[in-house]
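As structure tokens, the structure follows; a few thoughts come after it.
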Amino acid sequence: MRRILMALAAGAALALASCSTTPSTTPVPQVASPRFIPPHTNYRWTNGFSASGFEAMHKMIGRTALRPGEFHWATNIPAEGEVAITVDIANQIAFIFKGSQLIAVTNVSTGKKGHPTPLGFWTINFKRQKYFSRKYDNAPMPYMQNIDDKGIAFHGGATPGYPASHGCIRLPMAFAKQLFALTKVGNKVVIEG
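Under mature numbering (1 follows the signal peptide of the UniProt record, and there is no 0), residues -17 to -1, 1 to 176 are what the sequence shown spells out, in order.
As structure tokens, then:
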């Protein structure tokens, strides 16, 4: 009797082990990927240029944050296309485009409390490789690119990762030099934040 029970148990185990299910042929629905969202989105004013910049930055370097003083240039910069700059005050980052391609991204330092960097649409009005502030004790502003009539400009300087300037957009020095060589008077600038 014991042998019969053992044989039946072994047969049942063998039968269960050989069972299989057919894979489902029901297609898995495709879900659209969510729209890219910048790291910090508490903007007072934006036209969406920063979101596009972060999306392009993620494709270019695989992330959306930079350390103080960090910057990246694309390996291939197109010969054609106008240079345009988007500054994101909320995230302390600037995106440099040539045509529709992101060609560079950099950490910046914009205006501290009481000295805001102005939001809006601007153009580079004039450029000077060596320049000194008329407002702030002749402070050096290397690779200066002015965008308004109050002295707000891009220039080389300290970029500690937070707003620390008197309203200007400070760039890492090596980046400021490269950007200065690339831009021309009349290039468009958008400042969001």
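Yeah, the Cβ is synthetic: ideal placement off N, Cα and C, and Gly gets one too.
Kindly indicate which residue of the options has the alpha-carbon position closest to the one of residue i.
i: K81; options: E63, R46 and H55; result: E63
i: Q84; options: N108, D71 and T58; result: T58
i: K113; options: K95, I107, M124 and N30; result: M124
i: P75; options: T106, L165 and G144; result: For clarity, residue 75 is Gln in the given sequence; the question names Pro instead. That would be G144, whose Cα lies nearest to the Cα of Q75.
i: R27; options: T47, Y126 and P99; result: P99
i: P51; options: R153, P61 and K171; result: R153
i: N170; options: A159, K160 and I130; result: I130
i: W105; options: D132, Y126, E53 and G36; result: D132
i: K110; options: F137, I86, T29 and F37; result: F137
i: G31; options: D120, T69, I60 and K118; result: T69
Can you round the beta-carbon distance between residue i and residue j to whole angstroms, since I take them to be within the 8 angstroms contact cut?
i: S92; j: S148; result: 5 angstroms
So what does DSSP say about residue i, is it helix, strand or coil?
i: Q161; result: helix
i: H138; result: strand
i: M156; result: helix
i: S83; result: coil
i: M124; result: coil
i: N74; result: coil
i: G94; result: strand
i: K133; result: coil
i: V173; result: strand
i: P12; result: Because the pLDDT of P12 is 43, which lies under 50, any placement of that residue in the model is unreliable, and the question is left without a value.
i: S116; result: coil
i: T5; result: Confidence is the limiting factor: at T5 the pLDDT is only 47, short of 50, which leaves the residue's position unreliable, though a coordinate-based value still follows. T5: coil per DSSP, three-state reduction.
i: residue 228; result: In this structure the chain extends from -17 to 176, so residue 228 is not present and cannot be described.
i: R18; result: With a pLDDT of 49 at R18, under the threshold of 50, the modelled position of this residue cannot be trusted; read the value that follows with caution. Coil, per DSSP.
i: T47; result: coil
Could you tell me the boundaries of the alpha helix (DSSP H) in which residue i lies?
i: F32; result: F32 to I44
Is the separation between the beta-carbon of residue i and that of residue j shorter than 9 angstroms?
i: A67; j: V173; result: yes
i: M156; j: G140; result: yes
i: H55; j: T47; result: no
i: N25; j: A77; result: no
If you follow the beta strand (DSSP E) that residue i is part of, which residue opens it and which one closes it?
i: W28; result: Counting along the chain, W28 falls outside any beta strand (DSSP E), and DSSP gives it neither H nor E.
i: I68; result: V66 to D71
i: R111; result: F109 to R111
i: F104; result: G103 to T106
i: E63; result: Run containing E63: none; DSSP gives neither H nor E here.
i: H55; result: F54 to W56
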